[in-house]
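**Student:** For the sequence shown, our numbering begins at 8 and goes up steadily by one.
All C-beta atoms, glycine included, are put in the ideal place defined by N, C-alpha and C.
All figures in this text were calculated on a predicted structure; none of them were measured in a lab.
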Amino acid sequence: MVRREFFKVAAAAGLGTAAQNTGMAQTAVAGPAPFIEHATPGQPHKGKVFALITPHLDDGPIFAGGTVAKLLNEGYTGYFIRVSNDEKDSYSLTMGATVLANEQDAAHFVEVAGLKKRYDLHYRNHGLDDVSRMEIRVRLIFLFRLLKVDTVLSYDPWGHYEENPDHYVTAQAVEAACWMSADHLDFPEQFDAGLKVHSVSEKYYFARGPQMVNRVVDIGPTIRQKAAYIASCRTMITNMVKGTNDALTARGLRISAFAGNQEAANEAYIQAAFLDRDKRIGAKYGLEYAEEFHYIGPDRSLDDYIKTHAEHI
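This is the structure we're talking about:
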């Protein structure tokens with residue numbers, strides 16, 4: 008589950024394919040020029056709710072942390088739904104200790120980001136393809152209706168060449184749940200608990216591999232917040248740093264910034280592996296830093312007809 012996009016270092020170290028197999032560079036599939044979303048002053052989204060839904064703790068901070076910070080700054084209330092228990096992501100801890108460490112880090116991320124609450128679904132890490140998608144979907148529909156979620160951020164269900172089953176299973180469950188939560192015949196027993204149908208109207212989908220990018224979010228104003236979000240995933244980032252150091256040592260190489268004090272090493276790695284990537288993405292669009300998404304917005308197909316023909320009752 009370790010995600011390294013640290014290809015320049017990998018090439019210099021002679022790590023080649025071994026390093027690249029752990030994480031893929033995000034690439035935009037050819038299409039119309041994407042819409043550039045900039046920060047909006049004030050809190051225009053006050054009263055709206057988003058859910059960040061990922062299989063692993065670090066997915067959201069790494070791929071959408073700047074956008075999460077932007078939405079929160081603009082008035083959204085945010086929730087974090089973590090689908091797996093992250094039992095496979097530490098450097099030298101036992102499986103049980105890894106679960107606990109990442110659970111504590113998840114709590115820290117929610118606190119640092121200012122999210123309202125975290126929901127852990129606790130499925131086995133790297134085993135979501137053996138879990139009923141319907142089961143995950145029903146749990147998400149319940150949460151969408153309970154929390155009245157307007158917007159989701161998650162993996163792209165149509166992203167290409169995704170090797171991690173946790174990623175594409177979560178993405179597919181999220182996509183289906185967004186659609187079905189608005190249907191009154193899907194799981195009507197939930198209405199007896201006081202819930203109502205609820206439509207999720209906006210989706211920001213990110214991907215590790217190629218995807219159809221139609222929206223780019225300017226995260227220059229929130230890049231420091233994003234760095235803090237990633238740093239809160241301490242167990243996972245430490246695993247990435249130490250794994251990289253081991254691979255470098257095997258080649259008789261060393262990067263001094265990744266050695267010594269662990270906190271400083273983690274900060275150096277975050278800059279090199281993730282923030283520099285966001286800077287390269289931003290440069291493509293004339294921005295300092297950016298994140299890319301396949302965005303699906305509200306259905307506006309009847310807006311003109313309603314405006315013309317609707318009557319007050």
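(1) Check for me: the beta strand (DSSP E) holding I303 runs from which residue to which?
(2) Exposed or buried, which one is R144 when buried takes at least 16 other CB atoms within 10 Å?
(3) Comparing alpha-carbon positions, which option in R131, Y162 and E169 lies nearest A178?
(4) Please go through the stretch 204-246 and give each complete beta strand (DSSP E) segment of 3 or more residues, from N-terminal end onward.
(5) Measuring only the C-alpha atoms, how far is G134 from D173?
(6) When the distance is taken between beta carbons, is T74 closer than 7 angstroms to E298?
(7) Tell me the start and end of each unbroken alpha helix (DSSP H) in the stretch 124-185 that is at least 4 residues and wholly inside, in chain order.
(8) Please go through the same chain and pick out, in chain order, the residues whose beta-carbon is closer than 8 angstroms to the beta-carbon of R152, but skip the five residues on each side of it.
(9) Whole angstroms are fine: how far does the CA of R140 sit from the CA of K233?
(10) Please classify T47: does DSSP put it in a helix, a strand, or coil?
(11) Which class does I69 belong to by DSSP, given the choice of helix, strand or coil?
(12) Any idea what DSSP makes of G30, helix, strand or coil?
(13) Can you list, in chain order, the residues of its chain whose CB lies under 7 angstroms from that of K77, leaving out five sequence neighbours each side?
(14) Using a threshold of 7 angstroms, state whether the C-beta atoms of F300 and R215 are closer than that.
(15) Just to confirm, is the Cβ distance from G54 to M219 under 7 angstroms?
(16) Quick one: is I320 buried, meaning 16 or more other Cβ sit within 10 Å of its Cβ, or exposed?
(17) Identify, in the order they occur along the chain, each residue of the same chain with its Cβ nearer than 8 angstroms to the Cβ of A183, setting aside the five sequence neighbours on each side.
(18) Once the 5 residues before and after Y292 are set aside, which same chain residues still bring their CB inside 7 angstroms of it?
(19) Please say whether G82 and Q50 have beta carbons closer to each other than 7 angstroms?
(20) Can you check DSSP and say which residues form a bridge with R89?
(21) Is A271 closer than 7 angstroms to D119 when the C-beta atoms are compared?
(22) When the Cα atoms are used, what is the spatial distance from R131 to S91?
(23) Under DSSP, the alpha helix (DSSP H) around N109 begins and ends at which residues?
(24) Quick check: the Cα distance between P68 and Y126, rounded to an integer number of angstroms?
**Tutor:** From the atom records:
(1) Here the beta strand (DSSP E) through I303 covers A297 to I303.
(2) Label assigned to R144: buried.
(3) That would be Y162, whose Cα lies nearest to the Cα of A178.
(4) If one requires a minimum length of 3 residues, the beta strand (DSSP E) runs lying completely within the stretch 204-246 are 209-213 and 222-225, in chain order.
(5) Going from the Cα of G134 to the Cα of D173 covers about 7 angstroms.
(6) Contact: yes.
(7) Entirely contained in the stretch 124-185, the alpha helix (DSSP H) runs reaching 4 residues are, in chain order, 140-154.
(8) So the qualifying residues of the chain are S188, Q197, L202, K203, V204 and H205.
(9) So the alpha carbons of these two residues sit roughly 30 angstroms apart.
(10) T47 falls in the coil class under three-state DSSP.
(11) It is helical.
(12) Unreliable positioning characterises G30 in this predicted model, as indicated by a pLDDT of 44, which lies under 50. The coordinate reading is nonetheless provided below. Correct three-state label for G30: coil.
(13) Within the same chain, K77 has close Cβ partners A46, V224, I226 and T229.
(14) If you check the CB distance, F300 and R215 do not come in under 7 angstroms.
(15) In this structure, M219 does not lie closer than 7 angstroms to G54 by Cβ.
(16) So I320 ends up on the exposed side.
(17) Here the set comprises R140 and R144.
(18) Within the same chain, Y292 has close Cβ partners I43 and V223.
(19) It is a contact, given that the beta carbons lie within the stated cut-off.
(20) R89 is bridged to T61 and D127.
(21) In the sequence as presented, Asp is not what sits at residue 119; that position holds Val. Not a contact, by the Cβ cut-off of 7 angstroms.
(22) Spanning the two alpha carbons is a distance of roughly 6 angstroms.
(23) Per DSSP, the continuous alpha helix (DSSP H) segment holding N109 begins and ends at M102 to A120.
(24) Cα to Cα, P68 sits roughly 16 angstroms from Y126.
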